[in-house]
Structures are given as C-alpha cells and as structure tokens.
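Enquirer: Handing you a structure now.
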Amino acid sequence: GNVDADIRYDISLDPARESNLFRLLMGLQLAMGTKPSPRLPKWWPKRLEMIGQVLAKVYCSMVIFTSLHLGVLFTKTTLDVLPTGELQAITDALTMTIIYFFTGYGTIYWCLRSRRLLAYMEHMNREYRHHSLAGVTFVSSHAAFRMSRNFTVVWIMSCLLGVISWGVSPLMLGSRMLPLQCWYPFDALGPITYTAVYATQLFGQILVGMTFGFGGSLFVTLSLLLLGQFDVLYCSLKNLDAHTKLLAGESVNGLSLLQEELLLRDSNRELNQYVVLQEHPTDLLRLSAGRKCPDHGNAFHNALVECVRLHRFILHCSQELENLFSPYCLVKSLQITFQLCLLVFVGVSGTREVLRIVNQLQYLGLTIFELLMFTYCGELLSRHSIRSGDA
C-alpha cells in the first residue's frame with residue numbers, strides 16, 4: 527500500500543496513488559505569502575532564481591505589513607472612541623483590531639514554520655498508504671483525500687466570500703466610503719488617496735479570508751488524512767488472516783467464503799468501523815493472479831510488521847500535527863473567544879441595518895464553524911486512535 531502505486535485491488539473502487547495530497551494547500555500558502563523561500567517551478571530561468579526568491583520575500587513582507595498596519599490603525603481607532611462611550615463603535619473597532627492582529631500573527635507563524643510544514647507534507651506524501659493490505663476486503667484512502675480537497679475548496683470560498691462581500695459593500699451601495707472605518711493620519715477620502723486606501727483595505731480583507739481559511743483547512747485536511755490512515759490500519763489488521771491465505775495460494779472459492787463472512791453478513795458488521803473510508807470487496811480473480819508466498823508464518827509476520835510500521839507512521843504524524851498547531855491553536859482559541867463575544871454583543875445591541883446584519887451573521891457563522899472544525903476533528907482523531915487494540 528505504500529510504494530507499489532501500480533497495484534490496485536479494483537479498477538473503479540481503488541484509484542491510483544496520489545503523488546501530492548496538498549497541492550491545493552501549497553498553492554494557497556504561496557498566494558497568502560507564507561512561503562518566503564518557495565521552490566521555483568522548473569520553467570523558471572536559472573539566472574533569475576535569485577530574483578524569484580527576492581520577490582517572494584518582498585511579497586511576504588508586504589502581506590505582513592498590510593495586516594499589522596491595519597491592526598495598528600484599528601488600535602488607534604479603539605483608543606479614540608473609548609472616551610465617547612459608544613459601545614457599538616468600540617466593539618466594532620476592537621473586533622477588527624483582534625482580527626487583523628491575528629491575521630498578522632497567523633501569517634508570521636506560518637512563514638516561520640514554512641520549511642517544517644513542507645517537510646511534514648513531503649513525508650506524508652512519501653509514506654502514506656493509499657490502500658490497506660491485500661485481503662478479501664479493502665479500503666482506499668483516496669476517499670479521505672477527495673473529502674479533504676472538497677472541504678478545502680468550500681471553506682476557502684466561504685471565507686473569501688464573507689470578507690470580500692464586506693470589502694465591496696461601499697461599491698454595491700454606490701457611496702464614496704471605505705469598507706473599514708478606521709483612523710488615518712491623512713484624509714483617506716481625498717481624490718488621490720481614496721483609491722490606494724480602498725485597494726489596501728480590500729487586499730487586507732482578502733488576506734483575512736485566506737489566513738483564516740488556510741489554518742482551518744490545513745488542520746481538517748491533516749486530520750482527515752490521518753483518520754483515513756487509521757481506517758487503512760484497521761482494515762489491514764482485520765484482513766491479516768485473509769492476507770496470509772491469499773499469498774499462500776488459497777482457492778478463489780475459499781477466499782470468497784471468507785469475504786462473505788467479513789463483508790456481507792450483517793451479524794459481523796460493526797457499526798462505524800471506519801470514520802472516513804468505506805470497506806469494499808476485493809476483486810479476488812484479479813488479485814489471485816499475483817505473487818504466491820508458500821511460507822504462511824513469514825507472510826503473516828511481514829504483514830504484521832507492515833501494520834506496526836503504519837501505526838508508527840500515524841503516531842509520528844499525529845505528534846508532528848500537535849507540535850505544529852499547539853502554538854497556533856493557543857492564540858486561535860483566545861481570538862475566537864473574544865471575537866464571538868464581541869460579534870454577539872454587537873449583533874444584539876447594534877443598529878438594525880440590513881447590510882450590516884448580513885455581514886455580521888457571515889462573520890459569526892464562519893467563527894462558530896471554525897471553532898467546530900478544530901474541536902470536532904481533534905476529538906475524532908483522539909477517539910479513533912485508541913481503537914487499534916480492538917482492530
């Protein structure tokens with residue numbers, strides 16, 4: 527299930543091995559400026575390699591500056607409105623201060639962890655098992671990859687839709703105003719500065735959506751892929767006896783009886799055996815034409831060793847997941863807590879403008895769902911990891 531990518535247990539149900547599980551996330555990482563030292567494409571001229579690295583660092587610095595300077599401007603706005611006692615203006619400014627400072631923190635954090643994250647992704651691409659051991663039933667981890675890819679697309683689009691709709695609301699209303707009402711040391715609505723300030727704020731809003739979307743989708747993607755690897759491990763352990771018989775040259779009729787016992791009889795089916803994958807019957811006629819290993823004990827031993835290696839791989843990846851996300855989630859939990867309090871308070875006590883209510887509901891929905899993503903996926907991974915003994 528590892529390097530033998532050409533071996534497939536079923537043409538339709540067991541797709542070929544994916545060479546890169548994180549292609550979409552790597553592209554998003556480059557777009558949001560958290561790759562200060564990216565690997566340039568093969569078509570990039572060698573003599574311009576230094577220029578490409580410099581451009582990447584300049585773009586990364588521009589992204590960080592955009593987030594932090596907006597955070598500073600909203601901090602000044604918050605301090606200015608505090609003496610007035612206007613709760614809605616105070617909470618609005620404080621909410622945006624928290625959002626932009628966290629965006630800056632997230633960008634800086636993933637910039638500093640970019641090499642470690644890349645090494646982690648490459649390790650998973652190289653070592654993950656794309657299906658379980660050969661037996662009478664199998665699971666394919668391609669379903670986990672497909673689920674994570676679809677989730678990433680939907681989540682990123684939802685985050686971008688929420689922040690861009692806020693950013694373009696003045697254009698939709700046809701009014702000469704800025705999407706973010708914050709203090710500037712000059713006339714931001716002037717004929718020369720208005721366009722530049724508006725473009726900067728819109729770019730900052732897009733960065734907010736990408737930063738928030740990247741952290742959540744990366745965590746969910748890694749969790750789903752590791753849950754898929756646990757499912758592969760459980761199916762492999764379940765098929766150890768069938769794997770040995772298959773390699774020993776057992777007849778197709780005998781294997782079919784075992785397949786029926788494992789897969790088709792309702793009395794033997796355990797509910798929720800697998801979290802993200804689905805068990806399928808193996809095409810025994812296709813697989814029985816493969817290699818034969820007459821030594822039963824050696825075949826069983828080798829299969830068990832492979833399961834142990836897979837389990838160690840999963841534990842190593844889970845530990846690295848915790849190391850990568852512990853500092854991020856510490857700050858993220860504080861940001862979500864404060865943001866939820868402020869958003870709900872403003873929603874209850876603020877004005878009843880329709881566009882404002884829609885924008886606040888979008889931010890509130892995205893924040894609550896983001897909290898659910900981290901807690902639910904982490905709980906699934908924690909609970910599912912202890913079932914190795916049962917399998």
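Take any residue in the sequence shown, note its place counting from 1, add 526, and you have its number in the working numbering. Every residue gets a Cβ at the ideal spot worked out from N, C-alpha and C, and that includes glycine. The model shown is predicted, which means the values in this text are computed figures rather than measured ones.
Alpha carbon to alpha carbon, how far is H656 from R543? Give it in angstroms, no decimals.
Expert: On the sequence shown, position 17 is the one that residue 543 refers to. On the sequence shown, position 130 is the one that residue 656 refers to. The C-alpha of H656 is placed about 6 Å away from the C-alpha of R543.
Enquirer: Tell me the DSSP secondary structure of G904 in three-state form.
Expert: Looking up residue 904 in the sequence shown gives position 378. DSSP places G904 in helix when its eight states are reduced to three.
Enquirer: Could you tell me which residues DSSP pairs with T501 in its beta bridges?
Expert: Shown here, the chain extends from 527 to 917; a query on residue 501 therefore has no answer.
Enquirer: Excluding five sequence neighbours on each side, which residues of the same chain lie with their C-beta closer than 7 Å to the C-beta of L566?
Expert: Within the sequence shown, the letter at position 40 stands for residue 566. Around L566: E575, G578.
Enquirer: Beta-carbon within less than 8 Å of I624's beta-carbon, same chain only, minus the 5 sequence neighbours each way: which residues are those?
Expert: As a working note, residue 624 is residue 98 in the sequence shown. Cβ neighbours of I624 beyond the five flanking positions: Q861, F864, Q865, L868.
Enquirer: If you follow the alpha helix (DSSP H) that Q799 is in, where does it begin and where does it stop?
Expert: For the purposes of this step, residue 799 is identified with residue 273 of the sequence shown, where counting begins at 1. That residue, Q799, is in no alpha helix (DSSP H); it is neither H nor E in DSSP.
Enquirer: Could you tell me whether the stretch 668-678 touches the stretch 590-599, using the rule of 3 or more Cβ pairs below 8 Å?
Expert: no
Enquirer: Does the distance from the C-beta atom of T719 to that of F712 stay below 8 Å?
Expert: Looking up residue 719 in the sequence shown gives position 193. Looking up residue 712 in the sequence shown gives position 186. Closer than 8 Å, so yes.
Enquirer: When you compare only the Cα positions, how much space is there between F628 and M622?
Expert: On the sequence shown, position 102 is the one that residue 628 refers to. On the sequence shown, position 96 is the one that residue 622 refers to. Each residue's Cα considered, the two are about 10 Å apart.
Enquirer: Look at the alpha carbon of Y854 and the alpha carbon of Y635, and state the distance between them as a whole number of angstroms.
Expert: Counting from one through the sequence shown, the residue named residue 854 turns up at place 328. Counting from one through the sequence shown, the residue named residue 635 turns up at place 109. Cα to Cα, Y854 sits roughly 8 Å from Y635.
Enquirer: Check whether the stretch 741-756 touches the stretch 601-617, taking contact to mean three or more Cβ pairs, one atom from each stretch, closer than 8 Å.
Expert: no
Enquirer: Here's the rule: buried if 16 or more other CB atoms are within 10 angstroms of the residue's CB, otherwise exposed. What is Y724?
Expert: What you label residue 724 is simply residue 198 of the sequence shown in a count that begins at 1. The residue in question, Y724, is buried, as its Cβ has 16 or more Cβ neighbours within 10 Å.
Enquirer: Tell me the rounded alpha-carbon separation between F900 and L907.
Expert: Here the question's residue 900 lines up with position 374 in the sequence shown. Here the question's residue 907 lines up with position 381 in the sequence shown. If you take the alpha carbons of F900 and L907, they lie about 11 Å apart.
Enquirer: Can you round the beta-carbon distance between D809 and V665 to whole angstroms, since I take them to be within the 8 Å contact cut?
Expert: Counted from its first residue, the sequence shown places residue 809 at position 283. Counted from its first residue, the sequence shown places residue 665 at position 139. Not a contact, Cβ separation roughly 14 Å.
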